[in-house]
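For the record, in the sequence shown the residue sitting at position 10 is 10 according to my numbering, with numbers rising by one throughout. Below is one structure; the comments refer to it alone.
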Amino acid sequence: MMVKRENNLDWAVALGLQALAHIVSEPGLYEEFFELTGFSPAELRPPRIEQRDFLSSVLDFILLTDTRLLDFCAVAGINPSEPLRARRLLAG
């Protein structure tokens with residue numbers, strides 16, 4: 001039986017990392033991410049970026065505004081419901 005991708009933790013981690021890549025590629029988002037989350041640039045390396053709580057925060061940041069969510073989904077080529085599904089999986 002195949003696991004639906006939105007129910008797969010590996011998929012959720014990958015989407016969180018993709019969201020992080022999107023954030024750091026946009027200077028305005030990058031700065032706002034650090035301001036709102038309290039994270040520092042020094043934390044943007046393994047193993048921290050692979051931790052579920054960190055990736056949950058990344059997706060929370062993406063989900064904060066419709067504009068941010070829709071921009072990320074357009075770039076990623078995904079349905080706007082997928083970041084929330086991934087966020088729920090990461091939260092356990």
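For each residue, glycine too, the CB sits at the ideal point set by N, CA and C.
Here Val24 has Tyr30 as same chain residues with Cβ atoms under 6 angstroms from its own Cβ, once five neighbours each way along the sequence are excluded. Following the DSSP letters along the chain, one finds Thr67 inside the alpha helix (DSSP H) bounded by residues 66 to 76. Val58 places its beta carbon 8 angstroms or farther from that of Ala12. Annotated three-state conformation of Glu43 is helix, per DSSP.
For Pro83, the uninterrupted alpha helix (DSSP H) segment begins and ends at 82 to 91. For Leu70, same chain residues with a beta-carbon under 8 angstroms away, outside a window of 5 residues either side, are Pro80 in chain order.
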